[in-house]
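Data block below; observations after.
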Amino acid sequence: MKQVLLGIIMLGLLGGCQMGQEDSQGYGGQQEEEETVDVRALQDEYTRDHLVSTEQTEDGFYTMEGDSGKFRMLFPEDAVLSQDMHRLEKGVGEDMRFTDPVEGENRRYFVSIRYQDGISIEHSDRWVESFSDSVNFEGELEIKEDEDKRIYFGKSVYELEYTEGASHVYFAYIFSRQSDQALRMQYRVSCEGENCEEDMDFDREEAFSSKLMDSIEFQHS
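Okay, so the sequence shown: first residue is 1359 according to the numbering used here, each after it adds one.
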């Protein structure tokens, strides 16, 4: 009789432990699901597949790697990669584009990237001149440099063609100082409507674009 009672008590204890584990796992799974729902970069499967980790590198940003495996950069949590605009040419380069997909917001931005393999910093002047012509830029570019890369930075403003508003473009040509690699980036932010620019913080937009450009890390293999 004592053995029967002991067996019943043990079964009860084991059952309670198992239920506790299931509750704990279920709660954790719910938290992860809620976080995914709240973050666009994780909601989109194609974007999520290009993130180095689903843990944020810093507040509001993940780390993204191109399919070439040749560069990494910070990726905003509110953005998604365009699968249709993604092109990889092995040994040549890679094109990527990402944007904030929210409809109905006055502020919209998109970022276009062109990674280039085999581009030497020794010929940067020629490449930068051609790039400046392609974006109709005639001013002096700001140059930033560290031990890993050199960045040529510029900005322009364009009036929207079919509606009231303006598009501000921040662009950079980034050259590796360690290997023959380069990357062109354009950050374009626009607003629509009369006097919409009064509501825009363009110092913030420039700082945001610079953060993305400065985060470029060439992978040397």
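A virtual CB, placed ideally from N, CA and C, is assigned to each residue, including glycine.
Remember, predicted model here, so these are calculated numbers, not experimental data.
What does DSSP give as the partner residues of residue i in its beta bridges?
i	result
A1540	Q1474 and F1533
M1422	L1409 and M1431
F1576	F1429
S1568	DSSP lists no partner for S1568.
H1336	Since the displayed the chain opens at 1359 and closes at 1579, residue 1336 lies outside it and no answer follows.
V1438	T1457
G1451	E1447 and Q1474
F1468	T1457 and R1546
May I ask you to report which of helix, strand or coil DSSP gives residue i?
i	result
K1513	strand
K1502	strand
F1489	helix
M1443	coil
E1550	strand
D1561	helix
D1417	coil
D1402	coil
E1480	helix
E1556	helix
Could you check whether residue j and residue i sit closer than 8 Å to each other, using their CB atoms as the reference points?
i	j	result
A1437	T1421	no
F1576	Q1544	no
M1431	I1574	yes
L1541	F1429	yes
H1526	V1547	yes
Y1528	V1486	no
E1423	H1444	no
T1412	R1406	yes
F1489	S1514	no
Between residue i and residue j, how many whole angstroms is the CB-CB distance? I'm expecting something under 8 Å.
i	j	result
D1417	E1452	Not confirmed; about 28 Å, so no contact.
R1465	M1558	7 Å
S1338	F1533	The first residue shown for the chain is 1359 and the last is 1579, placing residue 1338 beyond what the model contains.
I1479	R1508	6 Å
E1435	V1397	5 Å
Taking all protein chains shown into account, do 16 or more other C-beta atoms lie within 10 angstroms of the C-beta of residue i, making it buried, or fewer, making it exposed?
i	result
G1476	exposed
Y1516	exposed
Y1404	exposed
V1469	buried
G1512	buried
K1448	exposed
L1400	buried
Q1441	exposed
L1439	buried
Indicate, with yes or no, if the ligand ATP has a heavy atom lying under 7 Å from the CB of residue i.
i	result
R1466	This structure lacks the ligand ATP, and indeed carries no ligand of any kind.
Compare the C-beta of residue i against all C-beta atoms of chain C and say whether one is closer than 8 Å.
i	result
R1546	The question asks about chain C, but that chain is absent: this structure has only one protein chain.
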